[in-house]
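Residue numbers (this note's numbering): 1150 to 1530.
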Amino acid sequence: MSSPLRPLHVGKFLPPPFAGMETHVDTLLRAIANESAPTLVASEPTGRQSHPLEGLPYRVISVPYYGMVASVPLCPGMLKAVRTEYRQGRANLMHVHAPNPWGDMAILRAPKDLPVVMTWHSDIVRQRTLLRFYGSVQQAALRRADRILVFTPNHYESSAQLHVERLDQKIEFVPIGIDFDALDNTLSDTRVQAELQQWVQGRPLILTVGRHVYYKGYNHLLAAMARLRSDAVLLMVGTGPLLADLQRQCQELGLGARVRFMGEVDRAALVTALRQCDLFCLPSIERAEAFGIASAEAMACGKPTVVCDLRNGVNFLNRAGETSLIAPPRDEAALADALDTLARDAGLRERMGAAARAWVRARFDIAAMREGTLALYRKLV
1150 MSSPLRPLHV
1160 GKFLPPPFAG
1170 METHVDTLLR
1180 AIANESAPTL
1190 VASEPTGRQS
1200 HPLEGLPYRV
1210 ISVPYYGMVA
1220 SVPLCPGMLK
1230 AVRTEYRQGR
1240 ANLMHVHAPN
1250 PWGDMAILRA
1260 PKDLPVVMTW
1270 HSDIVRQRTL
1280 LRFYGSVQQA
1290 ALRRADRILV
1300 FTPNHYESSA
1310 QLHVERLDQK
1320 IEFVPIGIDF
1330 DALDNTLSDT
1340 RVQAELQQWV
1350 QGRPLILTVG
1360 RHVYYKGYNH
1370 LLAAMARLRS
1380 DAVLLMVGTG
1390 PLLADLQRQC
1400 QELGLGARVR
1410 FMGEVDRAAL
1420 VTALRQCDLF
1430 CLPSIERAEA
1440 FGIASAEAMA
1450 CGKPTVVCDL
1460 RNGVNFLNRA
1470 GETSLIAPPR
1480 DEAALADALD
1490 TLARDAGLRE
1500 RMGAAARAWV
1510 RARFDIAAMR
1520 EGTLALYRKL
1530 V
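In structure tokens form, the structure reads like this:
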């Protein structure tokens, strides 16, 4: 008889906010909780707008957070927390969400007989100086891992760091899963809906969702908005270290009446924005953006998308000419043209939106992620 599954997940931040890696980790742990006893070890930045972690079907261990250096959270307590879990028999498998230096170090300190799985969310792109010193640790962790999960073939094919070592026999494709039932059953926030309708006044509404960080390319999106020939407006959901810079750029471009910064919002408000928008834009300019969960959710709501050509998982999800229009990274004129094309053509939006909904719901259902992950766990434990 196989051992009960007790996977210990090592992430960066606790959910919420529900974006990026945190969204995936939360969705995955909820999905596997009925057939395993998962635990999440992660940090929670002090002062972050958050909501209580109540009613979660998995254990959470929060470790102290002391700031960020080169996009890495300073939380050395993570190593002790992870070690305590497997030493006390509460974990029989480690699952690290990478890139994550603390997770890599935890892998290298783990017992040799502890199965290790890594989910490769993206390469380290900007922090090349860090990679010079840390790359050997990362590669040692990759060699130690028993399996490396990627969401799409493009994740593996576009990765420089996964091709440094001979890792192809460890690679497994398990699609990222979107909880479509939860998405469909989330009630819209009527107050947010009314406020958006009053502001939009029938104009095409472009939505973007994400942290305000360099690789998201929001400065290029604002520059593209200033070039639009249509009367489309932009709603930006999220926050981050570049928020003040983006707000200043918005005012300098004279976009104050056409761009609204919504900040960090709860799930109901986010789903309301997804339903109210006419199209979604993911203007990310670097391969640090490797998929785009928010764009997948927008597509599941029947919205067409505009994204940049990153030649990775983003462009596996967003299919050029079928569900999405594609612009070269940092090409503000091309980005503006793509946004205008959809903003001015309701028929095209409807056709692409229908194709987007069908594609995402067929390919990225939560059941495939759950079954693929559990099957791998059972093979290793």
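Idealized CB from N, CA, C, for every residue including glycine.
- The continuous alpha helix (DSSP H) containing residue 1236 extends over residues 1226 to 1236.
- Taking a 10 Å sphere around the C-beta of residue 1233, we find fewer than 16 other C-beta atoms and assign the residue as exposed.
- Here DSSP, grouped into helix, strand and coil, assigns residue 1500 to helix.
- When the beta-carbon positions are compared, residue 1212 and residue 1245 stay at least 8 Å from each other.
- Contact check for residue 1370 and residue 1399: beta-carbon distance about 10 Å, past the 8 Å limit, so the pair fails to qualify.
- For residue 1173, the enclosing alpha helix (DSSP H) has its first and last residue at 1169 to 1181.
- Distance from the Cα of residue 1424 is smallest, within the candidate group 1338, 1523, 1515 and 1175, for 1338.
- Closest in alpha carbon position to residue 1171, among 1209, 1153 and 1154, is 1209.
- For residue 1268, same chain residues with a beta-carbon under 6 Å away, outside a window of 5 residues either side, are 1246 and 1298 in chain order.
- Cβ contact annotation for residue 1335 (same chain, cutoff 8 Å, sequence separation greater than five): 1416, 1417 and 1420, in chain order.
- Residue environment for residue 1281: exposed (fewer than 16 other C-beta atoms within 10 angstroms of its C-beta).
- Setting aside the 5 residues that flank it on each side, residue 1489 is surrounded in the same chain by 1377, 1378 and 1379, each with a C-beta closer than 6 Å to its C-beta; the list follows chain order.
- Sorting 1482, 1404, 1429 and 1523 by C-alpha distance to the C-alpha of residue 1455 places 1429 at the top.
- Residue nearest to residue 1176 within the set 1519, 1186 and 1323 is 1519 (criterion: CA-CA distance).
- When the Cα atoms are used, residue 1354 and residue 1192 turn out to be separated by approximately 35 Å.
- In chain order, 1324 and 1326 place their CB closer than 7 Å to the CB of residue 1517, counting only its own chain and leaving out the 5 sequence neighbours on each side.
- Residue 1217 counts as exposed, since fewer than 16 other C-beta atoms from the protein chains shown sit within 10 angstroms of its C-beta.
- Residue 1266 has 1244 and 1296 as its beta-bridge partners, per DSSP.
- Residues of the same chain with a CB within less than 8 Å of the CB of residue 1152, apart from the 5 flanking positions on each side, are 1241 and 1530 in chain order.
- Uninterrupted beta strand (DSSP E) stretches at least 3 residues long and entirely within the region 1326 to 1408 occur at 1354 to 1358 and 1382 to 1386, given in chain order.
- Taking the C-beta atoms as reference points, residue 1367 is found nearer than 8 Å to residue 1395.
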